[in-house]
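**Q** For reference, the structure I am asking about is given below.
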Amino acid sequence: MKEQKLEIIAVIPARMASKNFPNKPMADINGIPMIGHTYNRVKLCNDITDVYVATADKEIKDYMKSINGGCVEMAESMISATDRVAEAVMKIEEQNGKSYDFVVLVQPDEPMVTPDMIGRAISPMVINSNLNVTCLMDEIISEEVFNDRNEIKVVADVNNNAMYMSREPIPTATRGMTFPRMKMVGVSVFRRDFLRQFNIMLSTPLENAENIDLIRIIENGIKINMSLTDQTTYSVNKPEDLEKVKVLMAKDFLVEKYRS
458 MKEQKLEIIA VIPARMASKN FPNKPMADIN GIPMIGHTYN RVKLCNDITD VYVATADKEI
518 KDYMKSINGG CVEMAESMIS ATDRVAEAVM KIEEQNGKSY DFVVLVQPDE PMVTPDMIGR
578 AISPMVINSN LNVTCLMDEI ISEEVFNDRN EIKVVADVNN NAMYMSREPI PTATRGMTFP
638 RMKMVGVSVF RRDFLRQFNI MLSTPLENAE NIDLIRIIEN GIKINMSLTD QTTYSVNKPE
698 DLEKVKVLMA KDFLVEKYRS
C-alpha cells in the first residue's frame with residue numbers, strides 16, 4: 458500500500474511596518490522584491506503542498522496577485538508572527554476545505570532560504586512523532602553577528618533541544634573557554650494541532666522580555682528540536698544587510714528557476 462503524502466503548508470507572515478527597516482518585504486533584490494524571492498524559493502521545496510503569504514498590506518497583496526501567488530488577507534495585528542501564522546492556517550483550511558499535517562513558518566526576510574533547508578527542518582518531525590516543533594539554527598562565525606540584537610541566539614542541549622533563546626550574546630565565554638555559538642534561522646515547523654494549541658497559550662514573561670514568541674513554548678515545558686543547517690545564508694534585518702544579500706544572490710543559481 459502506497460504511503461499517503463503529508464499535507465504541508467508553508468506560510469510567510471509579511472508586514473510592511475518594521476522599526477529597523479520600513480517596507481522591508483518589498484525591498485528590491487536584483488529586480489525582484491524580497492518577498493518574491495522568499496515565496497518562490499519556498500515553492501521550490503518538493504515537500505511543500507501549498508505556499509501562502511499572510512499579510513494585511515495592500516502593496517504585498519497586489520504584488521502576490523501580480524505573480525499569481527498564494528496570499529491570505531489578514532487583519533492588521535500586533536500579535537506575534539507565529540500567532541498570525543496559526544490564524545492564517547485556520548483561515549486557509551476553511552477556504553480550501555482541507556487540513557494540513559505540518560505548518561512551516563518562513564520569515565519573509567529570508568530571501569536566501571533553500572529547499573534543502575526547509576526539508577532539513579521538516580525531516581525530524583517525520584522521523585519522530587513525539588516532536589511538535591523544529592527550528593533551524595546556524596553556527597555564528599563572527600563577533601558582529603554574535604553581538605547583533607537583531608539575530609536571535611539559541612543554546613541547545615546535547616539532544617539538540619533548545620534550552621533558551623535570546624537577542625543577547627549567549628552563551629557567555631568565561632575563563633578562556635569557548636562554546637559553539639548558534640543563531641536561529643527563520644524556518645520553523647509545527648504540527649498543525651500543536652500550532653492551534655500555541656495560538657491559545659497565554660504569552661509568557663520571558664517571551665515578552667526577549668520579544669521572541671518561541672520562548673512561550675519553552676516556558677511551557679515543551680521541547681523545540683533544533684536542526685543545524687550546513688548552508689550559509691543571510692537574513693535581512695536592516696538596510697545594510699540588503700546590499701550584502703544582493704551581491705550574494707547575483708550568483709545564486711536558484712534565482713534562475715523562478716525569474717521570469
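Quick note: the sequence shown, position 201, residue 658 per the working numbering, numbers continuous.
We put the CB at the ideal spot given by N, CA and C, even for glycine.
These numbers come from a predicted model, not from an experiment.
I'd like to know whether the C-beta atoms of I492 and A471 end up nearer to each other than 8 Å.
**A** As a first step, residue 492 is located in the sequence shown; it is residue number 35 there, counting from the start. As a first step, residue 471 is located in the sequence shown; it is residue number 14 there, counting from the start. Going by C-beta atoms, I492 is nearer than 8 Å to A471.
**Q** Verify whether the separation of the beta carbon atoms of P572 and L501 is less than 8 Å.
**A** As a position in the sequence shown, residue 572 is number 115, starting the count at 1. As a position in the sequence shown, residue 501 is number 44, starting the count at 1. Cβ distance < 8 Å, so P572 and L501 count as in contact.
**Q** Examine the Cβ distances between the segment 477-485 and the segment 686-699 and report whether three or more of them are shorter than 8 Å.
**A** Judged by Cβ distances under 8 Å, the segment 477-485 makes contact with the segment 686-699, as three or more pairs qualify.
**Q** Over the uninterrupted beta strand (DSSP E) stretch that includes T512, give me the two end residues.
**A** For the purposes of this step, residue 512 is identified with residue 55 of the sequence shown, where counting begins at 1. Taken as a continuous stretch (DSSP letters only), the beta strand (DSSP E) holding T512 covers 507-512.
**Q** Measure the alpha-carbon distance for Q688 versus G576 and round it to whole angstroms.
**A** Taking the first residue of the sequence shown as 1, we reach residue 688 at position 231. Taking the first residue of the sequence shown as 1, we reach residue 576 at position 119. Between Q688 and G576, the C-alpha separation is close to 12 Å.
**Q** How many Å lie between L652 and I465 at the Cα?
**A** In the sequence shown, the residue the question calls residue 652 occupies position 195. In the sequence shown, the residue the question calls residue 465 occupies position 8. Distance from the CA atom of L652 to the CA atom of I465, rounded to whole angstroms, is 13 Å.
**Q** Measure the alpha-carbon distance for K459 versus N553 and round it to whole angstroms.
**A** Counting from one through the sequence shown, the residue named residue 459 turns up at place 2. Counting from one through the sequence shown, the residue named residue 553 turns up at place 96. Confidence at K459 is low in this model, with a pLDDT of 45, below 50, so its placement is unreliable and no value can be given for it.
**Q** Ignore the nearest five residues each way along the sequence and tell me which others in P565's own chain have a CB closer than 6 Å to its CB.
**A** Your numbering for residue 565 matches position 108 in the sequence shown. Result list for P565: I469, A471, P482, I492, T495, in chain order.
**Q** According to DSSP, is F647 helix, strand or coil?
**A** Sequence index remark: in the sequence shown, residue 647 carries index 190 (1-based). F647: strand per DSSP, three-state reduction.
**Q** Quick one, are the C-beta atoms of V563 and I549 less than 8 Å apart?
**A** On the sequence shown, position 106 is the one that residue 563 refers to. On the sequence shown, position 92 is the one that residue 549 refers to. In terms of Cβ geometry, V563 and I549 do not form a close pair [threshold 8 Å].
**Q** In the DSSP assignment, find the unbroken alpha helix (DSSP H) run with Y496 in it and report its ends.
**A** As a first step, residue 496 must be located in the sequence shown, where it is residue number 39. Here the alpha helix (DSSP H) through Y496 covers 491-500.
**Q** When the distance is taken between beta carbons, is L705 closer than 8 Å to Y715?
**A** Locating residue 715 in the sequence shown gives position 258, counting from the first residue. Locating residue 705 in the sequence shown gives position 248, counting from the first residue. In this structure, L705 does not lie closer than 8 Å to Y715 by Cβ.
**Q** Going by beta carbon distance, what residues of the same chain come within less than 8 Å of A545, once the five residues before and after it are set aside?
**A** Taking the first residue of the sequence shown as 1, we reach residue 545 at position 88. Closer than 8 Å at the Cβ level, and outside the excluded window around A545, lie V468, P470, Y509, A511, V529, M531.
**Q** When the Cα atoms are used, what is the spatial distance from N604 to E625?
**A** Position 147 of the sequence shown, counting from 1, holds the residue named residue 604. Position 168 of the sequence shown, counting from 1, holds the residue named residue 625. Their backbone Cα atoms lie some 7 Å apart in a straight line.
**Q** What do you get for M641, buried or exposed, if any count of 16 or more other CB atoms within 10 angstroms of its CB means buried?
**A** Position 184 of the sequence shown, counting from 1, holds the residue named residue 641. M641 is buried by the Cβ-count criterion.
**Q** So which of R649, F636, E533 has the shortest CA-CA distance to L463?
**A** By one-based count along the sequence shown, residue 463 stands at place 6. The shortest Cα separation from L463 among R649, F636, E533 belongs to R649.
**Q** How should K615 be labelled, buried or exposed, when 16 other C-beta atoms within 10 angstroms of its C-beta is the threshold for buried?
**A** The sequence position of residue 615 within the sequence shown is 158, counting from 1. In the sequence on display, residue 615 carries Val and not Lys. Counting Cβ neighbours within 10 Å, V615 comes out exposed, since fewer than 16 surround it.
**Q** Compute the Euclidean distance between the alpha carbons of N497 and I579, then round it to the nearest angstrom.
**A** Within the sequence shown, numbered from 1, the residue matching residue 497 stands at position 40. Within the sequence shown, numbered from 1, the residue matching residue 579 stands at position 122. Whole-angstrom Cα-Cα distance: 18 Å.
**Q** Determine the direct distance from the alpha carbon of S534 to that of A619, and round the result to whole angstroms.
**A** Here the question's residue 619 lines up with position 162 in the sequence shown. Here the question's residue 534 lines up with position 77 in the sequence shown. Distance between the alpha carbons of A619 and S534 is about 28 Å.
**Q** Going by DSSP, what residue range makes up the alpha helix (DSSP H) through V693?
**A** Locating residue 693 in the sequence shown gives position 236, where the first residue counts as 1. Counting along the chain, V693 falls outside any alpha helix (DSSP H), and DSSP gives it neither H nor E.
**Q** Have a look at I505 and V644 and give me their C-alpha separation to the nearest angstrom.
**A** Taking the first residue of the sequence shown as 1, we reach residue 505 at position 48. Taking the first residue of the sequence shown as 1, we reach residue 644 at position 187. One C-alpha to the other measures close to 13 Å.
**Q** Helix, strand or coil: which one does DSSP assign to K714?
**A** The count along the sequence shown starts at 1 and reaches residue 714 at position 257. Three-state DSSP puts K714 in a helix.
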